[in-house]
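The block underneath contains the structure these notes are about, expressed in C-alpha cells.
Chains as they are written, first to last, in the numbering used here: chain X, 1 to 497; chain Z, 1001 to 1122.
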C-alpha cells in the first residue's frame, strides 16, 4: 500500500471487522462508567458496525471470487501480520456477529436487573470477547492467533466469574485448564518458528513443505493439536466446560457456548490447512485411529449419556454441545477432504443450533423460572407461546439430524466420509448417541407440548416479540443451511484460504 | 552426552515445563496450581528467549547501511513476541489471584477438594 494512495473504507474492510468491537469496547468502558444508559447503545453500535462490515466483506469476496489478503500497516506478509478473508471465513464472521447481536438484544433487561452498577464492565467484556473471536477467525499469523486466543480466554474468565460464589471456582478451574491449552499452542508455534524463522502461516507452510519428516515438526503439530483439543473440551479434557457454563449467568453461557468451541475448532482447521497442509496431516494414521476410532466415539456416547442423566436443563445442553464437539473433532481426523468440508459446514451450522438451545434455556430461566426438567410440568409454555415452541422444535430437529434441516446433511455426510475412510465404530456411535439425545429432547417435548395441567397463577408470562424474531431467524437459517447444502458446499466452503 | 550439554538450555526448560504442568494438574491447593501455571508459562517464555541467542552476537541495533552481517546480531523478534506473552501471563496471573481472593472470601479455604465439598453441601 503506497502512501500516495487514497485510503478507502473498502480497502480496509478486513481490519475494520476486528477494530469496530475493539474500539467500542473502550468507548463502552470509558463513557459507560459515567452514563449508565449509554452502555447498551454503544455495544449495539459496535456489534452492528462489525456485522455490516463482515457482510460487505462477504459480498466483496463472493463477487470477486478471490480471497483478500490484508497486510496490516502495509508490511509484507513475511515481516508483518496479515489478515485473510475468504467466503467461508467471512460468513463465519457474519454468523458470530449475528449471534452476539441476538444475545445482546435478548439480555438487555436481564443484565440491567442483574448488574445495575456494572453495566459498562459487562458490555466492554462482551465486546473484547467478540474482538478476540473475530481476530482468531480472520488472522493469518500464528502468533497473532495466540494473542487473540488469550484475549478471548481472559474475557471469558472474567465473564464466567460474574455470577458470584460458585462461579469463581468454575472460572478459576477454567483459567488453569485454558492456560495449559494456550501454552501448548504457544510452544508448538515456538518450535515452528525455530525451524522456519517465520510466523505467517503460509510462509511457515512454504518453509516446512520440503522437510515434513522432521521430528520437531511432528512435535509442533502434536502440541498444537493437543493445545486446541484442551481449549475446545475434547473428550478427556472436557471437565471445565459443563462446570463453567452451568455456574455462570445464562446470558454469558449463551454468548460463549455457541462460539468458543466452534471457533477453536475452526482455528485448528486453519492451522492444519494453512500451516501443515492436508496431505501432511493425512499421513498421521495413528491420530486417525486415536481420535476418530477411539476417543471421539467414546466421547459421543459418554456425553450423550451424561446429557440424558442430568436434572438441570442447561447442564444437559452443555453435554449436547460437548457431544457435537466430539463429533466435529472426530470428523476432522477422518482424513479425507469431504470430512474437512463437512466439518466446516457443521461448525457454521452449530453456531446457530447451539445459540438456539442456549437462548431457549435463557428464556426458560428468565421468564418462566424453569431450571430442571421436572420444573417444566408446572408451567404451560406451549399454550401461551405456540410459535416459540414450534420454532424451537426446528432447532431440535437439526440437532438430532432429521431431513429438511441442516443437521441431517452434516451427519449424513460425516457418516459417508467415515465409511470412505473405513472407520466403522465412529458412525455407529454417532447414530446411537443421536438416539440418546432424542430421548433427552423427548423429555422436554413431553412436558412442553403435551402438558395437560393448568398453568399456575403468576407464571403466565409471554415470551417477548424480540425472542420470537430471533428464533424465527435461527430457524430460517437452519432450514436455509439444509435446503442450500450443495450451493454452500460448492460456493462458500472453500478449503484453501 | 555432547548433544545433551550443548542443548542444556532446552533440557532445563523442559524440566521447568513438566514441573509447572505437574503442579497445575496434581496439586490440591489452588495457590500452588497458580504458581505452577506461572512456572509453566515462564518455561515457554524462556524457550522463546533463548531462541534468539547467537554465539558472539551483539545487541540488535543495526547501523544504517546495506551490508549487515546477520550473524553478528541477536534475533530480536522472539524477545519482542515474549513481551506480549509476558503481558498475557501477568494478566492471567492477576485474574487468577483475584478469583482466588474471592474464593477465599466465600469459602474460607483454598484447598480444591474442600471447596468442592462445600459447593456440594449447598
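Don't be surprised by glycine CBs; every beta carbon is placed ideally from N, CA and C.
Residues of the same chain with a CB within less than 8 Å of the CB of residue 247/X, apart from the 5 flanking positions on each side, are 160, 163, 166, 167, 169 and 170 in chain order.
Per the coordinates, the alpha-carbon of residue 314/X lies some 19 Å from the alpha-carbon of residue 1122/Z.
In this structure, residue 70/X and residue 82/X form a Cβ contact; the two beta carbons are roughly 6 Å apart against a cut-off of 8 Å.
Annotation for residue 71/X: the continuous beta strand (DSSP E) segment containing it runs 68 to 71.
Residue state for residue 1073/Z is assigned as strand, using DSSP reduced to three classes.
Distance from the CA atom of residue 125/X to the CA atom of residue 210/X, rounded to whole angstroms, is 43 Å. The region 388 to 460 of chain X contains, as complete alpha helix (DSSP H) runs of 4+ residues, the segments 406 to 420 and 425 to 449 (chain order). The beta carbons of residue 349/X and residue 407/X sit closer together than 8 Å. Residue burial is scored here from C-beta neighbours: residue 1022/Z has fewer than 16 other C-beta atoms within 10 angstroms and is therefore classed as exposed. For residue 1064/Z, no Cβ of chain X is located within less than 8 Å of the residue's own Cβ. Sequence-distant partners of residue 1011/Z (beyond 5 residues in either direction) whose C-beta falls short of 8 Å from its own C-beta, in its chain, are 1004. Taking 8 Å as the cut-off, the beta carbon of residue 447/X is found no closer than this to the beta carbon of residue 365/X. In this structure, the alpha-carbon of residue 223/X lies about 35 Å from that of residue 435/X.
Per DSSP, the unbroken alpha helix (DSSP H) holding residue 340/X starts and ends at 337 to 367. Counting along the chain, the unbroken beta strand (DSSP E) around residue 85/X starts and ends at 82 to 85.
The beta carbon of residue 143/X falls within 8 Å of a beta carbon belonging to chain Z, placing the residue at that interface.
Using a CB distance below 7 Å, the part of the region 1088 to 1122 of chain Z facing chain X consists of 1088, 1091, 1092, 1095, 1096, 1099, 1100, 1102, 1103, 1106, 1115 and 1119, ordered along the chain.
Using a Cβ-Cβ cut-off of 8 Å, residue 1018/Z does not count as an interface residue toward chain X, since no Cβ of chain X sits closer than that to its own. Within the region 153 to 174 of chain X, the residues whose Cβ lies closer than 9 Å to any Cβ of chain Z are, in chain order, 153, 154, 157, 158, 161, 164, 165, 166, 168, 169, 171, 172 and 173. Look at the region 19 to 80 of chain X and you find these whole runs of beta strand (DSSP E), each 3 residues long or longer: 68 to 71. Looking at 172/X, 329/X, 77/X and 115/X, the one whose alpha-carbon comes closest to that of residue 39/X is 115/X. Beta-bridge partners assigned by DSSP to residue 139/X: 83/X. In terms of CA proximity to residue 77/X, 141/X leads the group 344/X, 491/X and 141/X. Residue pairing of residue 1029/Z in beta bridges, as defined by DSSP: 1111/Z. At least one CB of chain X lies nearer than 8 Å to the CB of residue 1047/Z. Interface annotation for the region 1063 to 1084 of chain Z against chain X: 1075, 1077, 1078, 1081 and 1084, criterion Cβ-Cβ distance under 9 Å. Apart from sequence neighbours up to five positions away, the residues of its chain that approach residue 321/X with a beta-carbon distance below 6 Å are 257 and 354, ordered along the chain. For residue 1033/Z, the chain X residues whose C-beta falls within less than 7 Å of its own C-beta are 176, listed in chain order. At a cut-off of 8 Å between beta carbons, residue 187/X contacts chain Z.
Secondary structure at residue 163/X: helix, using DSSP grouped into helix, strand and coil.
Rounded to whole angstroms, the gap between the alpha carbons of residue 50/X and residue 117/X is 27 Å. Its chain contains 1107 and 1109 as the residues whose beta carbon lies nearer than 8 Å to that of residue 1118/Z, once the 5 sequence neighbours on both sides are disregarded; these appear in chain order. Looking at the DSSP output, residue 312/X bridges to 372/X.
Residue pairing by DSSP places residue 144/X opposite no residue, since no beta bridge is assigned to it. Interface with chain X (8 Å Cβ-Cβ cutoff): residue 1030/Z is included. The Cβ of residue 190/X sits closer than 8 Å to at least one Cβ of chain Z.
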